[in-house]
Ligand SMILES: Cc1cc2nc3c(=O)[nH]c(=O)nc-3n(C[C@H](O)[C@H](O)[C@H](O)COP(=O)(O)OP(=O)(O)OC[C@H]3O[C@@H](n4cnc5c(N)ncnc54)[C@H](O)[C@@H]3O)c2cc1C
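In our numbering, the protein residues as written are 1274 to 1674.
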């Protein structure tokens, strides 16, 4: 009979897969639960009870964290790379430096069905696969083992992931390597793979998009656009549509165009995040899991977040170790030191877990039985466009608002 690793509270399991990577008998596999998240399952017929899986689990043994040293606003020097990145392109700058030193870069990419998984690259032409945020949980696979092999061969490694994945990697390695650079994302949480796949099937029933970009910058970086390329056309929606966009999408009548911002709205509202994301072990005011922290720069920074920069993207870059500082310097990325407290105040995901949406449980009771778009609209309280329009006209002309 198969069951989860004994002792681990399911609500605390981040799905980091350190247990899967460490098991030398190959008796742990990941299986999706009813909410569409992967959890480890043990084949007890093959398990010898060595306890290695428990010894590397970050929910049972959290690695020591590093005290954040400096925080910068940062941007990649090349406009082409900046526009291809989710924020200010710090990931690309660090990755380029590691590749220059003949190293290997680990990050998350899509497969042909837009499932998200971790992969390594060792040349610049493949780097674009790893660029950009995918707000769905990435499947680590055997990445910790592969990183370990490269490190033992003496190659430099950059490993990018959510803080729980960096914790999983560090526990798996169980020692520090001078030639390993870790980068954690500021992380709101990861969305359910099951919900994402269902969303794609419902909105693109016949042809899958040729490309997906969770942070398409065409309409402005700070507005959160989720873009889908269908044929040669990009259809993109911000999570907050302007009235003109609503009218346009209403008359275009294609389901993809009308509905695809629903996923981002549900994600940002905490409707279908992994349970452990609401109890994240890595949230802290001062300490971080990795050498550097990558995120968006939010807040009021009149000299930095100019209208032009707001359009193109600026990164929050936290430096947490001397090694992190060395790589930031070597990468040549443009930085400006900023007040850490103010930067964090506008980006609470760095120190506080996201609160689950009040209707999260209801969502997961109903999501497999009902059409997803309609359910998202109902639970997120999104009124049909015509109702919003009539209400706006009424308020403008009769309510004096
Ligand atoms: C799930 C998730 C939640 C996030 N939440 C926040 C937030 O609340 N606040 C904030 O400021 N920033 C958040 N970020 C980070 C932000 O979106 C950017 O990824 C970050 O600023 C790096 O941008 P960049 O321009 O330097 O690099 P990019 O070129 O955008 O590179 C992004 C990096 O993240 C890796 N990555 C992408 N998707 C995943 C994934 N699912 N799991 C693990 N690694 C992944 C890529 O491999 C790449 O290394 C989040 C990112 C993710 C993936």
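Just so you know, even glycine gets a beta-carbon here, dropped at the ideal spot from N, CA and C.
Task: First and last residue of the uninterrupted alpha helix (DSSP H) at residue 1637 - done: 1633-1639
Task: Simplified DSSP assignment, three categories, for residue 1343 - done: Of the three classes helix, strand and coil, the one that applies to residue 1343 here is strand, per DSSP.
- [ ] Compare the C-alpha of residue 1352 against each of 1638, 1581, 1629 and name the closest.
- [x] Selection 1638, 1581, 1629 evaluated against residue 1352 yields 1581 as nearest (Cα-Cα).
Open item on the list: Can you determine whether any heavy atom of ligand 1 sits closer than 7 Å to the C-beta of residue 1536, and answer yes or no?
Closed with: no
Task: Cβ neighbour criterion (16 or more within 10 Å) applied to residue 1313 - done: Here residue 1313 is buried, its C-beta having at least 16 other C-beta atoms within 10 Å.
Task: Local conformation of residue 1555 per DSSP, three classes - done: coil
Open item on the list: Can you tell me whether residue 1607 is helix, strand or coil according to DSSP?
Closed with: strand
TODO: Taking only the alpha-carbon atoms, compute the straight-line gap between residue 1441 and residue 1609 and give it to the nearest angstrom.
DONE: 31 Å
TODO: Indicate, with yes or no, if ligand 1 has a heavy atom lying under 7 Å from the CB of residue 1553.
DONE: no
- [ ] Name, in chain order, the residues that DSSP records as bridge partners for residue 1455.
- [x] 1432
TODO: Within the same chain, show all residues whose beta-carbon is closer than 8 Å to that of residue 1447, passing over the 5 residues directly before and after it, in chain order.
DONE: 1329
Open item on the list: At a cut-off of 7 Å, would you count residue 1407 as near ligand 1, judging by its Cβ distance to the nearest heavy atom?
Closed with: yes
Open item on the list: Can you confirm whether the segment 1425-1443 touches the segment 1304-1323 when touching is taken to mean that 3 or more C-beta pairs between the two stretches lie within less than 8 Å?
Closed with: no
Task: Outcome for residue 1472 when other beta-carbon atoms lying within 10 angstroms are tallied against a minimum of 16 - done: Per the 10 Å Cβ criterion, buried.
TODO: Could you please give me the residues that DSSP links to residue 1392 through a beta bridge?
DONE: 1380
Open item on the list: Less than 8 Å between C-beta atoms, sequence neighbours within five positions excluded: which residues of the same chain meet that for residue 1421?
Closed with: 1445, 1446
Open item on the list: Within the continuous beta strand (DSSP E) that includes residue 1592, where are the two ends?
Closed with: Its beta strand (DSSP E) spans residues 1588-1592.
Open item on the list: Here's the rule I'm using: 16 or more other beta-carbon atoms within 10 Å means buried, otherwise exposed. How should residue 1318 be labelled?
Closed with: Residue 1318 should be labelled exposed.
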